[in-house]
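Below you'll find the structure, written out as structure tokens, and then a few comments.
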Amino acid sequence: DGEHHSGASPMELLLASLAGCSGISIISILQKKQEDVTHYEIHVQGVRAAVHPLVFVEITAEHIITGHHIRPQSVERAIELAETRYCGVSIMLGKATQLKHIYRIHEAE
């Protein structure tokens, strides 16, 4: 299309901020719960409005946690605490758009 992009857009950086803030909070909480997490990934996607301003109308954060005998209730609580108490980005975005957190747990080998 002839456009040259030299980096992430402001909206992409907003999603990256959510990923970083949520991830740090969730890992910290899981460590305090003595969960044996060996790997963590977060994938964040946003759906934007069809007309200007092209704000996010929905954001989904998928947390992929790998470890030994990770308890689903610990992950659910960590996400809840990050979303409502510890991650300011999540709290702020949750007031402006539909914000969903989903997770998958994989048993480490």
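Numbering-wise (the numbering used here), the sequence shown opens with residue 1051 and increments by one.
A virtual CB, placed ideally from N, CA and C, is assigned to each residue, including glycine.
Go through its chain and collect everything with a Cβ distance to residue i's Cβ below 6 Å, but skip five positions before and after it.
{"i": "Arg-1135", "result": "none"}
{"i": "Val-1094", "result": "Leu-1065, Leu-1068, Ala-1069 and Ala-1111"}
Which two residues bound the contiguous beta strand (DSSP E) that contains residue i?
{"i": "Ala-1111", "result": "1106-1118"}
{"i": "Arg-1154", "result": "1148-1157"}
Just to confirm my understanding: we take residue i, look at its own chain, exclude 5 residues before and 5 after, and list those with CB closer than 8 Å. What are they?
{"i": "Ser-1067", "result": "Val-1139"}
List the residues that DSSP assigns as beta-bridge partners of residue i.
{"i": "Gln-1095", "result": "Thr-1110"}
{"i": "His-1089", "result": "Thr-1116"}
What are the start and end residues of the alpha helix (DSSP H) that includes residue i?
{"i": "Pro-1122", "result": "1122-1131"}
{"i": "Ser-1067", "result": "1060-1082"}
Thinking just about the alpha-carbon of each residue, which of the options is nearest to the one in residue i?
{"i": "Val-1097", "options": "Glu-1091, Ser-1078 and Gln-1148", "result": "Gln-1148"}
{"i": "His-1119", "options": "Met-1142, Lys-1145, Val-1087 and Glu-1108", "result": "Val-1087"}
{"i": "Ile-1109", "options": "Pro-1122, Ser-1078 and Lys-1145", "result": "Lys-1145"}
{"i": "Thr-1116", "options": "His-1089, Cys-1071 and Leu-1104", "result": "His-1089"}
{"i": "Cys-1137", "options": "Ser-1056, Gly-1057, Ile-1079 and Leu-1104", "result": "Ile-1079"}
{"i": "Ile-1141", "options": "Ser-1056, Ala-1058, Ser-1072 and His-1055", "result": "Ser-1072"}
If I measure Cβ to Cβ from residue i and keep anything under 7 Å in the same chain, skipping five residues before and after, which residues do I get?
{"i": "His-1151", "result": "Ala-1111, His-1113, Ile-1129 and Glu-1133"}
Any chance the CB of residue i is under 7 Å from a heavy atom of the ligand SAH?
{"i": "Val-1105", "result": "No copy of the ligand SAH appears in this structure; indeed no ligand is present at all."}
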